[in-house]
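See below for the structure under consideration.
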Amino acid sequence: MAKTYYNPDDLRKFGKITEWSEELGNKFFDYYGKVFEEGALSAREKSLIALAVSHVVKCPYCIDAYTKDGLQRGITKEEMMEAVHAGAAIESGATLVHGVQMMNKYDKLSM
Amino acid sequence: MALLKSLSARKNDLSKPENQLAFLSNGIFREGELPLFKDKIAETGNYPLKPKTLEILQLNLGYMCNQVCSHCHVDAGPDRKEIMTKETMQQCLEVIKTTKAHTLDLTGGAPEMNPNFRWFVEEASKAGIKDFIVRSNLTIILANKKYHDLPEFFKKYNVHIISSLPFYKREKTDKQRGSGVFDKSIKALQMLNKVGYAQPGTNLKLDLAYNPAGAFLPTNQEAMEHDFKTALKEDFDIDFDHLFAITNLPISRFLEYLIASENYEDYMYELVNAYNPAAVKNVMCTNTISISWDGWLYDCDFNQMLDLKVASTVKHISDYNEDLLNNRNILISQHCYGCTAGAGSSCQGSVA
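Just so you know, the protein sequences line up as chains A and B, in that order. For the first sequence, our numbering gives the first residue as 1, with consecutive numbering after it. For the second sequence, our numbering gives the first residue as 112, with consecutive numbering after it.
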């Protein structure tokens, strides 16, 4: 079997992190569960935000989890892809806005 | 993608119930990675699982169907010839006259394809059972001219219709149920609305059954119902009463799909992780008897497909005895996790 850093089966074992630090692990999962409950934002909206962020932080486990979550909620593939683009636009914008820094530096150094 | 032939016609190994049951007890369950269903329900003192008051008699009028849906737990299709005879129907009618159950639930295949379907509905309606359900796949209404008047027929006998519609968008529905199914289903729903189903001032009930089009569980039933109602009203001016969210059980063609798509283990993990002890108390096998096309008795339609006949001295409609049946232990295997995941699942939707 090829050696990789990521194993899809590890997602199922996520809960096991509490075994080595019960208090912190439980606090995290309580917080996590609370965050995704219905609130000022719907659970459906939060699922799409989570999907976009999953791509931006490039977490393969999160992408698997929130693609499935979206399917379960009846979120369409068009909605999912738009969410990914929203994340990608912010990420590329964050890169490009540094272009201003480059322009500033260029101008400063140039006669 | 929807299939062209049943497992049975393809002589697939999974067409044999014993092979499915062996598969469901091997691998991750034999190796102890996941607990057996009987051990899981034993944790809360629910093993052996016992029936409560009988409420529903579910009759399978045959496995013939005009569709070959990729998730079908019945392995139904046009190539299936198993059909309930008039003689067995007559035996069922004797039971319907005396049963304490308040609901009669006709299913298939497409029950309407049984040549004695209309005669049986007429006769069964005379028993005055409170809730008389026919599970219709909708497209049958448009499949042939001889079925076009089914909405009027259902109305005449005040039949409660429960129709399958996997999604309110064309693509997902057609992928699971076959090309063109969505448009026909929409048309059939409009026909049912037109004769009064799910309309104010009528008593004609029309519910939809949603089951996920893939290897994932249904979400909250109320949320899905809201989405379906909004979309079907806006796009097609369709009304319905309730949506039942039904989990796909890992048997028959859905099991074949899970294995072929390499989703089987993840799906079983998901079912086991979502196990809800509160759902166990209300699983449908505790209030239902399922009767097959040839008159055998089962704890549910899924056990029927796995050929797990009731564990009772009474096994056939010809010997039917409700009191004796109510003393039985319900037969279970790992497929039962499908009915206890999350909010639970039954032919009437969520149970917890």
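Glycine residues also receive a C-beta, built at the ideal position from the N, C-alpha and C atoms.
Give every residue of the same chain whose Cβ lies closer than 6 Å to the Cβ of L319/B, excluding the five residues on either side of it in the sequence, and list them in chain order. Within the second sequence, residue 319/B is the residue found at index 208, counting from 1. Result list for L319/B: S274, L276, F351, L354, in chain order.
Test: T4/A CB closer than 8 Å to a CB of chain B: In the first sequence, residue 4/A corresponds to position 4, counting from 1. Closer than 8 Å: no.
Check the Cβ of L134/A against every Cβ in chain B and list those closer than 8 Å, keeping chain order. No answer is possible for residue 134/A: the residues shown for chain A start at 1 and end at 111.
Span of the beta strand (DSSP E) holding N304/B? Taking the second sequence and counting its residues from 1, one reaches residue 304/B at position 193. Note, N304/B: premise wrong, no beta strand (DSSP E); alpha helix (DSSP H) at 292–305.
Of the choices V383/B, L435/B, I362/B, V425/B, whose alpha-carbon is the least far from that of F413/B? Position 302 of the second sequence, counted from the first residue, corresponds to residue 413/B. Ranking the options by Cα distance to F413/B, first place goes to I362/B.
Buried or exposed: A221/B, going by 16 or more other Cβ atoms within 10 Å of its Cβ? Reading the second sequence from its first residue, position 110 is the one you call residue 221/B. A221/B comes out buried.
Are the C-beta atoms of M175/B and some chain A residue less than 8 Å apart? Translated into the one-based positions of the second sequence, residue 175/B becomes position 64. Closer than 8 Å: no.
For K27/A, which three-state DSSP category applies? For this step, residue 27/A is matched to residue 27 along the first sequence. K27/A carries a helical assignment under DSSP once its states are collapsed to helix, strand and coil.
Specify the secondary structure class of W404/B as computed by DSSP and reduced to three states. Numbered from 1 along the second sequence, position 293 holds the residue referred to as residue 404/B. Of the three classes helix, strand and coil, the one that applies to W404/B here is coil, per DSSP.
Given a cut-off of 8 Å on the beta-carbon distance, is the pair L249/B and K295/B in contact? By 1-based counting over the second sequence, the position of residue 249/B is 138. By 1-based counting over the second sequence, the position of residue 295/B is 184. In contact: L249/B and K295/B (Cβ atoms closer than 8 Å).
Segment contact flag, the stretch 369–385 of chain B with the stretch 321–330 of chain B, C-beta cutoff 8 Å, min 3 pairs: Of all C-beta pairs linking the stretch 369–385 of chain B to the stretch 321–330 of chain B, three or more are shorter than 8 Å, placing the two stretches in contact.
Against T114/A, what residues of chain B qualify as contacts under a CB-to-CB distance less than 9 Å, listed in chain order? Residue 114/A is absent from the model: chain A starts at 1 and stops at 111.
Name the two residues that bound the continuous alpha helix (DSSP H) containing S54/A. Numbered from its first residue, the first sequence carries residue 54/A at position 54. Where S54/A is concerned, the enclosing alpha helix (DSSP H) stretches over 43–56.
Whose C-alpha, out of E373/B, N255/B, Q301/B, is nearest the C-alpha of P8/A? For the purposes of this step, residue 8/A is taken as residue 8 along the first sequence, with counting starting at 1. Answer by Cα proximity: E373/B.
Are any of the Cβ atoms in chain B nearer than 8 Å to that of T76/A? Your numbering for residue 76/A matches position 76 in the first sequence. Judged by the 8 Å Cβ criterion, T76/A is in contact with chain B.
Measuring only the C-alpha atoms, how far is S456/B from Q101/A? Taking the first residue of the second sequence as 1, we reach residue 456/B at position 345. Taking the first residue of the first sequence as 1, we reach residue 101/A at position 101. Going from the Cα of S456/B to the Cα of Q101/A covers about 57 Å.
Starting from D318/B, follow its DSSP beta bridges and name the residues at the other end. The sequence position of residue 318/B within the second sequence is 207, counting from 1. D318/B is bridged by DSSP to I273/B.
For E91/A, which of A83/A, V56/A, I75/A, K108/A has the nearest alpha-carbon? Translated into positions along the first sequence, residue 91/A becomes position 91. That would be V56/A, whose Cα lies nearest to the Cα of E91/A.
Can you name the residues of chain B whose CB is closer than 8 Å to the CB of K68/A? As a first step, residue 68/A must be located in the first sequence, where it is residue number 68. Correct list: F327.
Three or more C-beta pairs below 8 Å linking the stretch 207–219 of chain B and the stretch 308–319 of chain B: When C-beta atoms of the stretch 207–219 of chain B are compared with those of the stretch 308–319 of chain B, fewer than three pairs fall below 8 Å, so the two segments do not count as touching.
Three or more C-beta pairs closer than 8 Å, one from the stretch 169–183 of chain B and one from the stretch 398–411 of chain B: is that the case here? Taking 8 Å as the limit for Cβ pairs, the verdict is that the stretch 398–411 of chain B does touch the stretch 169–183 of chain B.
Anything in the stretch 271–289 of chain B with a Cβ closer than 9 Å to a Cβ of chain A? List those residues in chain order, please. Within the stretch 271–289 of chain B, the residues whose Cβ lies closer than 9 Å to some Cβ of chain A are F278, Y279, K280, E282, K283, listed in chain order.
Measuring straight from C-alpha to C-alpha, what distance separates I349/B and G143/B? Translated into positions along the second sequence, residue 349/B becomes position 238. Translated into positions along the second sequence, residue 143/B becomes position 32. Roughly 48 Å between the two C-alpha positions.
When Cβ atoms are compared, which residues of the stretch 373–396 of chain B fall closer than 9 Å to chain A? Legend: CB atoms of the stretch 373–396 of chain B lying less than 9 Å from CB atoms of chain A belong to residues E376, D377, Y380, E381, N384.
Do you know offhand how far L132/B's Cα is from F36/A's? If you number the second sequence from 1, residue 132/B lands on position 21. If you number the first sequence from 1, residue 36/A lands on position 36. Looking at the backbone, the Cα of L132/B and that of F36/A are separated by about 37 Å.
Just the C-alpha distance for N177/B and K298/B, rounded to the nearest angstrom, thanks. What you label residue 177/B is simply residue 66 of the second sequence in a count that begins at 1. What you label residue 298/B is simply residue 187 of the second sequence in a count that begins at 1. Answer to the nearest angstrom: the Cα atoms are 16 Å apart.
S181/B versus E193/B: straight-line alpha-carbon distance, rounded: Taking the second sequence and counting its residues from 1, the one referred to as residue 181/B is at position 70. Taking the second sequence and counting its residues from 1, the one referred to as residue 193/B is at position 82. Straight-line Cα distance between these residues: approximately 19 Å.
Given a cut-off of 8 Å on the beta-carbon distance, is the pair N359/B and G219/B in contact? Walking along the second sequence from the start, residue 359/B turns up at place 248. Walking along the second sequence from the start, residue 219/B turns up at place 108. Contact annotation: N359/B and G219/B have beta-carbon atoms that are not nearer than 8 Å.
For D216/B, which beta-bridge partners are listed by DSSP? Your numbering for residue 216/B matches position 105 in the second sequence. Bridge partners of D216/B: Q169/B, I244/B.
Identify the residues that DSSP records as bridge partners of G188/B: which are they? Residue mapping note: residue 188/B aligns to position 77 of the second sequence, counting from 1. Residue pairing from DSSP places G188/B in a beta bridge opposite M175/B.
Distance, S247/B Cα to F228/B Cα: One-based indexing of the second sequence puts residue 228/B at position 117. One-based indexing of the second sequence puts residue 247/B at position 136. Distance from the CA atom of F228/B to the CA atom of S247/B, rounded to whole angstroms, is 12 Å.
Determine, using beta-carbon pairs with one atom in the stretch 412–431 of chain B and one in the stretch 385–392 of chain B, whether at least three such pairs fall under 8 Å. No, they do not touch.
Let me check understanding here. Comparing Cα to Cα, which of K283/B, K426/B, G289/B, A212/B lies closest to A324/B? Sequence index remark: in the second sequence, residue 324/B carries index 213 (1-based). From the listed residues K283/B, K426/B, G289/B, A212/B, the smallest Cα separation to A324/B is found for K283/B.
What first and last residue would you give for the beta strand (DSSP E) that runs through F355/B? On the second sequence, residue 355/B is found 244 positions in, with the first residue counted as 1. Run containing F355/B: 354–356, per the beta strand (DSSP E) assignment.
When the distance is taken between beta carbons, is T76/A closer than 8 Å to K344/B? The count along the second sequence starts at 1 and reaches residue 344/B at position 233. The count along the first sequence starts at 1 and reaches residue 76/A at position 76. For the pair K344/B and T76/A, the CB atoms are not nearer than the 8 Å cut-off.
Using three-state DSSP, classify N384/B as helix, strand or coil. Locating residue 384/B in the second sequence gives position 273, where the first residue counts as 1. Correct three-state label for N384/B: helix.
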